[in-house]
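Novice:
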Amino acid sequence: MRLFIAINLPPDLRQRLWEAAEPLRTAGYPVRWVAPDGVHLTLKFLGEVKPDREPQVVVAIGLAVQGAKRFTLSVGGFGAFPSLSRPRVVWAGCEPVPALELLQHRVEQELERLGFPLEGRAFHPHLTLGRAQRDARAGAFRDLEDRMDALTFTGESMVESVDLMESQLARDGARYTRRHAALLAG
Ligand code: 2AM
Numbered sequence: 002m003r004l005f006i007a008i009n010l011p012p013d014l015r016q017r018l019w020e021a022a023e024p025l026r027t028a029g030y031p032v033r034w035v036a037p038d039g040v041h042l043t044l045k046f047l048g049e050v051k052p053d054r055e056p057q058v059v060v061a062i063g064l065a066v067q068g069a070k071r072f073t074l075s076v077g078g079f080g081a082f083p084s085l086s087r088p089r090v091v092w093a094g095c096e097p098v099p100a101l102e103l104l105q106h107r108v109e110q111e112l113e114r115l116g117f118p119l120e121g122r123a124f125h126p127h128l129t130l131g132r133a134q135r136d137a138r139a140g141a142f143r144d145l146e147d148r149m150d151a152l153t154f155t156g157e158s159m160v161e162s163v164d165l166m167e168s169q170l171a172r173d174g175a176r177y178t179r180r181h182a183a184l185l186a187g
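Residue numbering for the sequence shown follows my numbering, starting at 2 and increasing by one per position.
1. Please report how far the alpha carbon of P12 lies from the alpha carbon of A21, in whole angstroms.
2. Would you check if the segment 172 to 179 and the segment 121 to 131 touch, i.e. whether three or more CB-CB distances between them fall below 8 Å?
3. With distances taken Cα to Cα, identify the nearest neighbour of E167 among G48, E120 and W92.
4. Expressed to the nearest angstrom, what Euclidean distance is found between the alpha-carbon atoms of R27 and G68?
5. Near ligand 1, which residues have their beta-carbon less than 5 Å from any of its heavy atoms, given in chain order?
6. Look at the alpha carbon of E157 and the alpha carbon of R138, and state the distance between them as a whole number of angstroms.
7. Give the list of continuous beta strand (DSSP E) stretches no shorter than 3 residues that lie fully inside the segment 92 to 164.
8. If contacts are defined as beta-carbon pairs under 8 Å, then I62 and L184 qualify, I think. What distance do you get, rounded to the angstrom?
9. So the beta strand (DSSP E) G80 belongs to, where does it begin and stop?
10. Do the segment 82 to 99 and the segment 140 to 149 touch if we need at least three Cβ pairs shorter than 8 Å?
11. Going by DSSP, what residues sit across from L4 in a beta bridge?
12. Pick helix, strand or coil for G187, following the three-state DSSP scheme.
13. Grouping DSSP H, G and I as helix and E and B as strand, with all else coil, what is L14?
14. Does the count of Cβ pairs from the segment 25 to 45 and the segment 2 to 11 closer than 8 Å reach three?
15. Should L101 be labelled buried (16 or more other beta-carbon atoms within 10 Å of its own) or exposed?
16. Can you name, in chain order, every residue of its own chain whose Cβ lies under 7 Å from the Cβ of Q16, other than the five neighbours on each side?
17. Assign Q134 to buried or exposed, taking buried as 16 or more other Cβ atoms, counted over all protein chains shown, within 10 Å of its Cβ.
18. At what residues does the beta strand (DSSP E) containing R87 begin and finish?
19. On a Cα-Cα basis, can you pick out the residue from H181, R114, V160 and G131 that is closest to V76?
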């Protein structure tokens with residue numbers, strides 16, 4: 002099973018974000034857009050995991066969140082990785098507040114104990130809105146930055162759990178299912 006650890010947002014916030022990003026979708030960029038219910042903040046991608054290891058992963062997430070309190074996640078700003086001119090991922094930003102960075106760090110630490118390699122890259126908390134097609138031509142995104150600058154969106158949500166998610170790859174994009182929720186303290 003293909004697993005990752007994520008923070009999920011409430012449906013109304015995802016919907017508002019989807020609506021705010023509409024000018025990007027209608028601009029005709031060569032991007033596969035993520036449906037609103039597929040938008041999440043990935044803390045750690047685990048990849049293919051044997052089903053009998055899932056209980057260990059659940060325990061590790063429990064240890065990672067131990068003592069962590071609920072916190073407010075702020076969403077705002079749009080961008081792209083690795084660059085706005087040749088994007089692979091188009092995203093909405095999340096404010097890298099200390100509670101979020103600490104949580105991500107602890108998830109990394111606990112999962113490393115189980116043999117999942119540490120992420121080599123810095124943590125840039127984001128919500129993936131779309132993924133560029135591999136064969137997108139140079140120049141296809143010329144006005145992306147201007148279009149993003151014209152968007153105004155801010156949203157806040159109380160983070161109440163860290164979730165173990167399963168990703169099932171399908172022809173029309175990935176389907177995500179929540180397999181476990183590790184609750185943060187109130
Ligand atoms: P992304 O949003 O930055 O693309 C489920 O596939 C989640 O895991 C996605 O949100 C994706 O992050 C992340 N993900 C997928 N493949 C990954 C990989 N090889 N390394 C790191 N994260 C990955």
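Note that the Cβ used here is the ideal one computed from N, Cα and C, for glycine as well.
Since this is a predicted model, take the numbers as computed values, not measurements.
Specialist: Looking at the coordinates:
1. 14 Å
2. no
3. G48
4. At residue 27 the sequence reads Thr, which differs from the Arg that was named. When rounded, the distance between both Cα atoms is 44 Å.
5. F5, T43, F46, T129 and S168
6. 35 Å
7. 127 to 133 and 155 to 160
8. That belief does not hold up - the Cβ atoms of I62 and L184 are roughly 11 Å apart, past 8 Å.
9. F72 to F82
10. yes
11. G48 and E167
12. coil
13. helix
14. yes
15. buried
16. P37
17. exposed
18. Unbroken run through R87: none, as it is neither H nor E.
19. V160
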